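Peer 1:
Residue numbers (our numbering): 145 to 342.
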């Protein structure tokens with residue numbers, strides 16, 4: 145069965161709780177590093193901003209429905225990788241969260257300086273309400289699978305690890321993917337309309 149029943153989703157989310165806290169901590173550390181980079185190493189911050197701008201330009205000019213699809217594919221593929229590669233002792237989800245936190249901290253700080261706080265918040269909040277929780281859920285699954293990977297090495301058995309990966313993928317299909325679909329449509333249709341109205 146590909147999808148996870150509602151009662152099983154509730155149990156799984158409760159099991160994810162400590163890993164959610166770990167994900168939030170990594171993400172917060174990344175944001176703090178990003179904000180510090182803007183203050184201490186402005187040249188590196190500008191390089192980050194240029195890299196993000198170049199990435200965003202790859203989506204420019206797409207019809208909104210195609211833009212939503214491209215955003216979803218980008219976010220879903222990265223989140224799936226964080227889950228699937230969590231078996232490498234949780235290292236990849238940690239790096240993923242730190243990198244995204246740094247990028248968000250840098251871009252938000254620079255955007256606030258140039259566009260003001262209101263427009264900067266407007267550009268990230270609508271889709272961020274769904275996208276960030278979905279991604280953090282995914283990395284939390286990666287951390288949980290990483291924890292099982294450590295136990296698997298110690299027990300020299302991969303049965304539990306494979307079962308956890310299957311559960312994580314079912315949760316992704318049941319909860320995270322729909323959240324990322326909604327976030328992609330909000331970003332493509334709502335966020336762009338709000339920003340263009342300023």
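Note that the Cβ used here is the ideal one computed from N, Cα and C, for glycine as well. Since the structure is predicted, the reported quantities are computational estimates derived from the model, not experimental observations.
What do you get for residue 292, buried or exposed, if any count of 16 or more other CB atoms within 10 angstroms of its CB means buried?
Peer 2: buried
Peer 1: Please classify residue 210 as buried or exposed, where buried requires at least 16 neighbouring CB atoms within 10 angstroms.
Peer 2: exposed
Peer 1: Tell me, please, whether the stretch 156-169 touches the stretch 277-297 by the rule of three or more beta-carbon pairs shorter than 8 Å.
Peer 2: yes
Peer 1: Quick check: the stretch 243-257 against the stretch 181-188, are there 3 or more CB pairs under 8 Å?
Peer 2: yes
Peer 1: Jot down the residue ranges of each uninterrupted alpha helix (DSSP H) in the stretch 266-315, minimum 4 residues, whole runs only, in chain order.
Peer 2: Positions of the alpha helix (DSSP H) runs, each at least 4 residues long and wholly inside the stretch 266-315, are given as 303-315 in order along the chain.
Peer 1: Can you look up residue 204 in the DSSP assignment and give me helix, strand or coil?
Peer 2: coil
Peer 1: Can you tell me whether DSSP reads residue 323 as helix, strand or coil?
Peer 2: helix
Peer 1: Suppose the cutoff is 7 Å on Cβ atoms and the five residues either side in sequence are ignored; what does the same chain contact list for residue 226 look like?
Peer 2: 236, 237, 240, 282, 283 and 286
Peer 1: Can you give the Cα-Cα distance for residue 257 and residue 264, rounded to whole angstroms?
Peer 2: 9 Å
Peer 1: Sorted by chain position, which residues of the same chain lie with C-beta nearer than 6 Å to residue 324's C-beta, five sequence neighbours on each side aside?
Peer 2: 216, 219, 220 and 278
Peer 1: Give every residue of the same chain whose Cβ lies closer than 8 Å to the Cβ of residue 168, excluding the five residues on either side of it in the sequence, and list them in chain order.
Peer 2: These residues qualify, in order along the chain: 280.
Peer 1: Between which two residues does the alpha helix (DSSP H) carrying residue 157 extend?
Peer 2: 150-184
Peer 1: Compute the Euclidean distance between the alpha carbons of residue 173 and residue 250, then round it to the nearest angstrom.
Peer 2: 13 Å
Peer 1: To which residues of the same chain is residue 234 closer than 7 Å at the C-beta, ignoring the five residues directly before and after it?
Peer 2: Excluding sequence positions up to five before and after residue 234, its CB lies within less than 7 Å of the CB of 286, 287, 290 and 291, all in the same chain and listed in chain order.
Peer 1: Label residue 170 either buried or exposed according to how many other C-beta atoms from any shown protein chain fall within 10 Å of its C-beta, with 16 as the threshold for buried.
Peer 2: buried
Peer 1: In or out: residue 223 buried (at least 16 other Cβ within 10 Å) or exposed?
Peer 2: Around the CB of residue 223, 16 or more other CB atoms lie within 10 Å, so the residue is classed as buried.
Peer 1: Taking only the alpha-carbon atoms, compute the straight-line gap between residue 262 and residue 191 and give it to the nearest angstrom.
Peer 2: In this structure, the CA atom of residue 262 is about 24 Å from the CA atom of residue 191.
Peer 1: Rounding to the nearest angstrom, what Cα-Cα distance links residue 260 and residue 267 in this structure?
Peer 2: 11 Å
Peer 1: Return the first residue and the last residue of the alpha helix (DSSP H) that residue 131 is part of.
Peer 2: Since the displayed the chain opens at 145 and closes at 342, residue 131 lies outside it and no answer follows.
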